[in-house]
Every structure is written in structure tokens, then in C-alpha cells.
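Following: one structure in C-alpha cells, then a few remarks.
There are 2 protein chains.
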Amino acid sequence: MSTCERDALSEASLPIRPPSHLRKYVRALATAADSSVPSYRVNEKRLWESVHDTAKWGATPDGGIRRLALTDLDKAIREWFVSTVKFLGCNTKVDEMGNIFATRPGKSSSLPPIGIGSHLDTQPAGGRYDGILGVLAGVEILRVLEENGHQTLAPLAIIDWTNEEGARFNTGMVSSGVWSGRYALDFAHALPAAEDKSKATTLKSELERIGFLGAMPASYKANPLSSHFELHIEQGPILEDEGKKVGIVTGVQSMGWLIVTVHGENQHSGTCPMARRACALTSAARMISRVEEIALAADGLSTVGVINSWPQSPATVPHKVVFSVDLSHHSSEVRERMIAETSEEFARIAQANKCTVEIEDIWNSPAVQFHPDCIGCVRDAAKSVAGENGVKEMVAGAGHDSVHTSDRVPTSMIFVPSKGGISHHPDEYTSSEQW
Amino acid sequence: MSTCERDALSEASLPIRPPSHLRKYVRALATAADSSVPSYRVNEKRLWESVHDTAKWGATPDGGIRRLALTDLDKAIREWFVSTVKFLGCNTKVDEMGNIFATRPGKSSSLPPIGIGSHLDTQPAGGRYDGILGVLAGVEILRVLEENGHQTLAPLAIIDWTNEEGARFNTGMVSSGVWSGRYALDFAHALPAAEDKSKATTLKSELERIGFLGAMPASYKANPLSSHFELHIEQGPILEDEGKKVGIVTGVQSMGWLIVTVHGENQHSGTCPMARRACALTSAARMISRVEEIALAADGLSTVGVINSWPQSPATVPHKVVFSVDLSHHSSEVRERMIAETSEEFARIAQANKCTVEIEDIWNSPAVQFHPDCIGCVRDAAKSVAGENGVKEMVAGAGHDSVHTSDRVPTSMIFVPSKGGISHHPDEYTSSEQW
Chain C
74 MSTCERDALS EASLPIRPPS HLRKYVRALA TAADSSVPSY RVNEKRLWES VHDTAKWGAT
134 PDGGIRRLAL TDLDKAIREW FVSTVKFLGC NTKVDEMGNI FATRPGKSSS LPPIGIGSHL
194 DTQPAGGRYD GILGVLAGVE ILRVLEENGH QTLAPLAIID WTNEEGARFN TGMVSSGVWS
254 GRYALDFAHA LPAAEDKSKA TTLKSELERI GFLGAMPASY KANPLSSHFE LHIEQGPILE
314 DEGKKVGIVT GVQSMGWLIV TVHGENQHSG TCPMARRACA LTSAARMISR VEEIALAADG
374 LSTVGVINSW PQSPATVPHK VVFSVDLSHH SSEVRERMIA ETSEEFARIA QANKCTVEIE
434 DIWNSPAVQF HPDCIGCVRD AAKSVAGENG VKEMVAGAGH DSVHTSDRVP TSMIFVPSKG
494 GISHHPDEYT SSEQW
Chain F
74 MSTCERDALS EASLPIRPPS HLRKYVRALA TAADSSVPSY RVNEKRLWES VHDTAKWGAT
134 PDGGIRRLAL TDLDKAIREW FVSTVKFLGC NTKVDEMGNI FATRPGKSSS LPPIGIGSHL
194 DTQPAGGRYD GILGVLAGVE ILRVLEENGH QTLAPLAIID WTNEEGARFN TGMVSSGVWS
254 GRYALDFAHA LPAAEDKSKA TTLKSELERI GFLGAMPASY KANPLSSHFE LHIEQGPILE
314 DEGKKVGIVT GVQSMGWLIV TVHGENQHSG TCPMARRACA LTSAARMISR VEEIALAADG
374 LSTVGVINSW PQSPATVPHK VVFSVDLSHH SSEVRERMIA ETSEEFARIA QANKCTVEIE
434 DIWNSPAVQF HPDCIGCVRD AAKSVAGENG VKEMVAGAGH DSVHTSDRVP TSMIFVPSKG
494 GISHHPDEYT SSEQW
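Next up, the structure:
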């Protein structure tokens, strides 16, 4: 997360609870589902083909996809998406962030649509399922409803959120974030494309170039939903390890990043006695071991993913080490305590090793609790398909567009197993039966 | 140290003891010194000016010097050196490695000269004293002898060894190494200049370009010395910390580098449970702490100077970490035991963390014991200047050209304090009084 992204975050207002006036729609829908919706089944083979046919836009030889947001490949699948949903009876709207809403009319035109959304962009070396499954499962739902001639009570909107990965424009989930009011439109429009060192290519200029800069405000007010559901691969190994088929996602954990800089003294490896050293890397190694202990004790997660040392000479005691610490926990409060303990312990370790330490909290996202009515819908549906023992209630470990929709409308997610827990990688896999 | 450098090392023959037939010359000289040499004193101010005047070739705004081997700046100081020593009655010889031998005739023309050598090249951001002091102190000795009209028994050779730092041509002490037979001439000539990615610029082509490719073989046989002395800054803090004025260097410690590669598994920081992780960096952190314990227990030195992780994403458990381990000890045998213990412990730590580890011994240099007669000369002279309590016998922690001369002729070194133990840095400092 960049500095400007952080600034945008701190400026944004973040209401915690979804607006209560919308809850009744969800309950109405749940009731309708129980009483009048027959138990339709998706066509596994058709969904499988849809995922793998559209993979041609960005397919890599290793079986993955490279389809960065707002590139010509993204344009191609967006155009396919628009023409496909039109054929299935939807009208489509594109907002100022290029978010596409494919709306299938419901019996009640006064109800805001029920959203089913995810994203069609990928990581630079991404897999075939992350995000894509969520949008194409929505298309499959349209097909099932269409072939059964079924009209839902509320309209249904299948949504492709723009630049969820944040791989090309360096803020993940930015477009659902503008829709929810978390990010300012100008901030998002000005995000530069990662590949253009001149910063002349922006999210807005690319939206314009590929013809997906809509006129409709990207806003939950101008373009409301009554709720948001997202089917996603777990991106972790828990469902597979526990032999579960479906994850009922009750929320998203609290997460964030620290950047830790340890300052020591540049000394000669062969001539400086051990007792006289101020080795930034020896200190950092102790900190890395310690933060892991802190996370384990709190039943949270800690990851040090990036580390670099200066001056990168084997014969020189490093005078500077910078590393990242990713800390997450189901509870925002516990995560705050983990950070406090980490800061104290790092200062203690630095001092004991004649070093100093600076810790910068560059990004954090509080825990999200999804809406009980939406969770209830997911729970009932999941159990009806996978049975009591085939489901698991769980908290998502990664960020998703649903984090932002949840700020404004009742939201929940459905997880399916990720083989080996692998994601953001060409080896990403979930079988069509698991879908 | 590169692969080819390693190959050259393993091919070289490394006799341990200096040739015995030369010892008598050293003893003769020592006797002559005791009986007939008056107690001349160097002109501190003149030496100080010499060091700082010649710093113009490569002076940097921060007070340091950047004078990489065989650049135009190195050419300039070499030409100054040659003209200065000629004026002081020396004849000069340049060998195939560009080593310059400035020889002042002695009473006995049949004795090989007594060598006083070091180097005039620097690190990219080097100080004003490392190497330079050793050569220019030799020039000052010539001046003192000249102004006193004194002729030594054996001839005296002031030597500038080429590319000691190895900063431009990536093998330190390579030219004294060719002279001693440790490196093949062809290997050394073919070393590419670090700044030329095409590898077309070599040590030989640069010698030719600046006019310092001599015809004389770089060889202790074709161009013998009877002994070698080197005045050098300590590059460590021991003399300063203990309030000593002169270090009597009895040898050079055993040293070398391991490159350690830890392989883990690329996992998602937010979704992979701690217990399921194979984090290459968590393993590496434990290894870094452990090798320090091993070094402390053995009274040796360990340094991890370089570390890098892959894929450098804060939100990804790193699947690969590579780091260097510099291990040194006064005793080659103890250092071997440190390496064995390190290898065992690293394998154990890797396994306990579901990782694997590869350890490559990319360079090592056994301990060097300087010649007792030379050490005796240094001891007597040092005590006469600094008093019994002003001297300290010590083992050098870094490599010097004297390591290579010691393979062939009786050698010793003299250390003067380094302020704050700082070296290879513009802040390097030793007062003229300490010289």
C-alpha cells in the first residue's frame, strides 16, 4: 500500500454497520427462497467450460492467467461478459470506476438488486479461479434462471469489480472501495499503471482507452444493492485439510502491514569483535523469531515476507535491515495487542543489540463481520448441498470486494476448497464438483 | 569470490612454510639493524602531506577516496609514485600484473630486496589510509634514508600491488597472489572489470591501456624478495579500545564464506495456518541466531552480511531465502569445526521448519602464521617506539597482500589504530602521530 493509498484510507469514513433499512429485503428474499424457489442445480460442465474458454484472454503456458486490470485482455473478457449477460436478458451499467453491473430484472422493480460479484482481473502470474469463479458462477446462475424461466423477487446484479488485485494499479479492491465510499474517486482515477514509469498512464486513462469509463457514479447511493454475495476460492488449505466442501464465511480478519527498519553499525566482518558489534541483521533475526512467537501465542498469523540488508557485502556487518511484518487476527483488538507487544519486544531486542528500530504501520484493515442474514442464507444453501458435515464456518484471511460492500449492504461470502491452499499462482485449482 | 576464482584457488599449490634459505637474510638484516642503523625518525608532517596531497586522485566530497584499480586515477598516482621513487634514487620494475617494485640499491647487490608493500587502489567509497599508508610510508622511508645518506645492507623495494581491493576486478589481492603462485596469470589477466557488462574490459586490457603491463614475470622466482613488511591500518577497534599504539601482527586468521539457500513453500500470509507453513525466512532467522551462538562459543567471528528473500511480497510466506555466512577464527581447525557444527544445525533447523537447506563453501583461506624473525623485527622496532605497554601482538582479521607474500618469503605486518575501527569508508582515520 502506497503513501497516497494510506492517506486516502485515513480520510475515508468507515461506517461499521450495514444500513438497517435494507435488512428487510434480505429477509424477504430468504423467505422467498425457502417457499417458492425450486432447487435448481448449476450445470457444472457449462461453468467449467465457461471458466476455461474465457481463460484464453491471458492464458499462460503454465496453465495460469496473466490478465492485468484494464489491459486489452481485460477489455476482451469485459466485452465478452457484457455481450453474454445481454444475451441472458440483463441490462448492463458501467460506472465511473469501470465496475460492470449486469442486472436481471426481478418481480419487484422497486427493490435494489441482490449483488453477486467478484473480479475478472488476475495477478501477474495468477491462476484461473481467483475472482473469475465468482463472476462466472453469477453468469451460470443467470443461465440456470433463464433456462428455467424463473424470475426472482428482487433484481439480480452480476458484478465485475475493477482492479480487485491491485496488481496493475497499486490499490487492491479499489473500485468496490470507491463504490462504498472508502476511497475518493479522484484518488482512484489517478492511480498510475505499474508498468509506466512516467506515471502518464492512469486507471482513468486506461478506462477511457478500453471504453469502460462509465458515466454513472461509482456509489452505493447512486447505484444501490440490497446485498452482496461472493463465491471465491478459499486461497488457503483449511477446507481441504478438514475434508469440508463449503466454507460459510462469517467475516474477514483484521490484517495489516508494518515496515520495520533496524539501524546498526557498518563493521568489518574479520576485524570487529563480536561483543562490539551492532549488527542490524542479528537484531532482525531475533525480531523475526519473536514476532512469530507473539502470533502463535495470540492464535494469530505473522509473516515476514520481504527482507533486505545493507550494504549487501558478505564481509560487512550490515548497518541497516528493512523487513515487512504482516500481522492478522480474527479480532481487531487482539491484533492491536499483538502490534503493541511486537513494538515493545522489537525495541527491547534492538537495544540489547546496540541497534535502534523504527516501526511504521503502513496499512491496516479492521476485522469485518458479515451480516447474519446473509450468513444465514449461505449456511442454509451450503448445508443443503454439502450436508451438515460438509461445511465449515470460517473467517476469510485475505481481502475481497465483499469487505467494502459489507460497509454499506448486508454481505457474505462462500468459499470452495483450494487444492493445496495454493492461490495467486498458475497451480491454483478447485474441481468443478467443488464449485 | 567467483566460481572461476574458486577454481583457481583449488588449482593453486599452497606451500605453508616460507623458504628456509631466505631466513638468514632476515636474521642478517635484524643484526645489522641492531648494530649499525641509527634511530632515524620519519617526518610525520611530510608523510601526512604525501597521503593527503595524493588523495587528489580520487578524492570524494565526504573526505574519502574512490580510486578503483587501473582507472585513470590509479594511472595518475602510479605515475606520481614512479617519478617520486626515481627522484629518490630507485630503479623501478613493473611486472605482468602491473605490480610496481621501486628498488633502492643496498650494500649487497646479491641479496634480494627487502619488500615494503601495500596498495594504492581503494574501495568504491574507500578511505584515505587503507593500503595507501603502507606504500607511502615506504616512500617516506626512502626519503629518510636518502636525507641521511644511509645505505641498507640488502636493497629495499617499495611495492604497489595491483588491485588489492578486488573492487573493480573481482578477486582481492590477486596480483600478490600471481606473484606468489597462488593464482594463474591467465586467470588474473582475464578478470573482467565490474563496470563493463560486456566483459570486454579485462584486467590485462586495462593494464595495457594505462601503460602498466610490464614484461617482467609476476613471480617470486623471477623477481624475488628476501622478506615482506606491510604497515596497515588495523581496520578494527582493538588497538584503540585497549589504548595500544602499534599492533605486532603475528599472522592472519582463517576465514571464508558460505552461501546458504533455504527452500520453503510460497504460501498466503492471510490464509495459511502457522502450523502448516514452510517459511524459508523463519528458518533463516533461526539459523542466523544459531550461527552467532556457534561463533561465540568457539571464540570466533560470524557475520551474515547479505540476505534476500523471494518473492519479496509482504503478503506471501517466502519460498526462498539466500544469505551469506562469513566465519573466521585464528585456527583453521577450529573454523572447520565451526562449519561442521553450522551445517548440522542448519539442517536440523530446516527440517524442524519443513524446509530444506543447501550450503555452499564458496571461498576459504586457511590461517597464516607470519615468520618469527619478521615478527621479531616488528616487535623490537614497535617496542622501541611505543614502549612495552604500547604494543599488542595480534592476528589480522582481514586479507592483505602479505598473506600471499607469506607463502613464499618471511613476512610480517605492522598495524596502527583505526579510529572507531572504521575502514572501507570515508570516515577511516588514523592520526599522523599514530603512523
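Taken in sequence, the protein lines are chains C and F. Going by my numbering, 285 is the number at position 212 of the first sequence; the sequence numbering is gapless. Going by my numbering, 151 is the number at position 78 of the second sequence; the sequence numbering is gapless. Beta carbons: idealized from backbone N, C-alpha and C, even for Gly. This structure is a prediction, so every number in the text was calculated from the model and none was measured.
Three-state secondary structure (DSSP) of H444/F: If DSSP states are grouped into helix, strand and coil, H444/F belongs with coil.
Taking one C-beta from the segment 346–359 of chain F and one from the segment 371–391 of chain C each time, how about it: are there three or more such pairs within less than 8 Å? Enough Cβ pairs lie closer than 8 Å, so yes.
Q340/C - partner residues in DSSP beta bridges: DSSP output for Q340/C lists V390/C as bridge partner(s).
Which of the three DSSP states, helix, strand or coil, is assigned to K294/C? Secondary structure of K294/C (DSSP, three-state): coil.
Can you list, in chain order, the residues of the segment 290–314 of chain F whose Cβ is nearer than 8 Å to any Cβ on chain C? Those would be E307, Q308, G309, P310, I311, D314, in chain order.
7 Å Cβ cut-off: residues of chain C touching T244/F: Simply none; closest approach about 14 Å.
Pick from E117/F, S253/F, Y502/F, T323/F: whose alpha carbon is nearest that of G493/F? In this structure, Y502/F is the residue among E117/F, S253/F, Y502/F, T323/F with its C-alpha nearest to the C-alpha of G493/F.
Presumed contact (8 Å Cβ cut-off) between K393/C and T334/C, rounded CB distance: K393/C to T334/C, Cβ: 7 Å. Contact.
Could you name the residues that DSSP lists as bridge partners for G320/C? Under DSSP, the beta-bridge partners assigned to G320/C are K465/C, F488/C.
Buried or exposed by the 16-neighbour rule on C-beta atoms within 10 Å, applied to Y113/C: Y113/C counts as exposed, since fewer than 16 other beta carbons sit within 10 angstroms of its beta carbon.
Please tell me whether E365/C has its Cβ less than 8 Å away from any Cβ of chain F. It does; some Cβ of chain F falls within 8 Å.
With a cut-off of 8 Å, does the C-beta of P134/F fall near any C-beta of chain C? Answer no: the Cβ-Cβ gap between P134/F and chain C never drops below 8 Å.
For S416/C, which residues in chain F fall below 7 Å Cβ to Cβ? For a Cβ distance threshold of 7 Å, nothing in chain F lies close to S416/C: the least Cβ distance comes to about 17 Å.
Can you look up L95/C in the DSSP assignment and give me helix, strand or coil? Below a pLDDT of 50, predicted positions are generally treated as unreliable, and L95/C, at 49, falls in that range; no measurement from the model is reported.
Just the C-alpha distance for G287/F and T165/F, rounded to the nearest angstrom, thanks. Taking the straight line from one Cα to the other gives about 11 Å.
Cβ of T389/C within 8 Å of any chain F Cβ: Any Cβ of chain F closer than 8 Å to the Cβ of T389/C would place that residue at the interface, and such an atom is present.
3-residue-minimum beta strand (DSSP E) runs that sit fully inside the segment 124–201 of chain C, ordered along the chain: Qualifying beta strand (DSSP E) stretches, in chain order: 164–167, 173–177, 187–191.
Could you pull the start and end residues of the beta strand (DSSP E) that V482/C belongs to? Element bounds for V482/C: n/a, residue is neither H nor E.
Do the segment 326–333 of chain F and the segment 407–416 of chain F make contact, defined as three or more Cβ pairs closer than 8 Å? Because the criterion of three Cβ pairs below 8 Å is met, the segment 326–333 of chain F and the segment 407–416 of chain F touch.
Between the CA atoms of N437/F and V545/F - distance to the nearest angstrom: Chain F is shown only over 74 to 508; residue 545/F falls outside these bounds and no answer can be derived.
Are there 16 or more other CB atoms within 10 angstroms of the CB of P238/F, so buried, or fewer, so exposed? Note that residue 238/F corresponds to Glu in the displayed sequence, not to Pro. Under this definition E238/F is a buried residue.
Please state whether the Cβ-Cβ distance between P439/F and S300/F is less than 8 Å. It is not a contact, given that the beta carbons lie outside the stated cut-off.
So, with DSSP's three-state summary, where would you put D233/F? Three-state result, D233/F: strand.
Closer than 8 Å to chain C by CB, N339/F: Flagged as an interface residue toward chain C: N339/F, by a C-beta distance shorter than 8 Å.
Count Cβ pairs between the segment 214–231 of chain C and the segment 243–262 of chain C that sit closer than 8 Å; are there 3 or more? Contact between the segment 214–231 of chain C and the segment 243–262 of chain C is absent: fewer than three C-beta pairs spanning the two stretches fall below 8 Å.
Would you tell me roughly how many angstroms separate the C-alpha atoms of G171/C and D233/C, rounded to the nearest one? Taking the straight line from one Cα to the other gives about 9 Å.
Where S386/F meets chain C, residues with beta-carbon distance less than 8 Å: The contacting residues are G378, V379.
Cβ neighbour criterion (16 or more within 10 Å) applied to A348/F: With fewer than 16 other Cβ atoms within 10 Å, it is exposed.
Can you tell me which residues form a DSSP beta bridge with G329/C? According to the DSSP secondary-structure assignment, G329/C is paired through a beta bridge with L400/C, N437/C.
Establish whether the CB of R349/F and some CB of chain C are separated by less than 8 Å. Chain C contact via Cβ: present.
Continuous alpha helix (DSSP H) stretch holding T355/C: start and end: Segment 353–370, the alpha helix (DSSP H) holding T355/C.
Return helix, strand or coil for D314/F, following the three-state DSSP convention. Here D314/F sits in helix by DSSP.
Just how far apart, CA to CA, sit E73/C and A291/C? With chain C covering 74 to 508 only, the question about residue 73/C has no answer from this structure.
Does the ligand FAD have even one heavy atom less than 7 Å from the beta-carbon of L161/F? The model on display carries no ligand, and the ligand FAD is accordingly not part of it.
Does the structure place the segment 262–281 of chain C close enough to the segment 298–314 of chain C that three or more beta carbon pairs sit under 8 Å? Because the criterion of three Cβ pairs below 8 Å is not met, the segment 298–314 of chain C and the segment 262–281 of chain C do not touch.
Straight-line CA distance for P228/F to V390/C? So the two alpha carbons sit approximately 42 Å from each other.
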